[in-house]
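Our numbering puts the first residue of the sequence shown at 8, with every later residue one more than the last. Note that beta-carbon positions come from the ideal geometry of N, C-alpha and C, so glycine has one too. Structure first, then comments.
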Amino acid sequence: MCPDCGTEIKGENTSAVGDILECQECGTEVEVLSLSPLKYQILVEEK
């Protein structure tokens with residue numbers, strides 16, 4: 008689930024730790040931190 012909008016993220020069921028996934032609804036990019044339990048970290052663009 009997207010931590011921003013709550014939509015299910017495509018690919019979350021087949022992802023691996025370290026994968027970067029993008030929410031199709033809001034565009035938020037998250038990095039998979041853990042699979043069990045499933046945990047994400049929102050990626051923040053550095054300027």
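- Quick one, which of 9, 42 and 36 has its alpha-carbon nearest residue 23's? Answer by Cα proximity: 42.
- Query: Would residue 37 be called buried (16 or more neighbouring beta carbons within 10 Å of its own) or exposed?
  - Reply: buried
- Give the straight-line distance between the Cα atoms of residue 39 and residue 12, rounded to the nearest whole angstrom. If I take the Cα positions, the gap works out to 17 Å.
- Query: Hey, quick one: how far does the beta strand (DSSP E) through residue 32 stretch, first residue to last?
  - Reply: Element bounds for residue 32: n/a, residue is neither H nor E.
- Could you give the distance in angstroms between the alpha-carbon of residue 21 and the alpha-carbon of residue 51? Approximately 23 Å between the Cα atoms of the pair.
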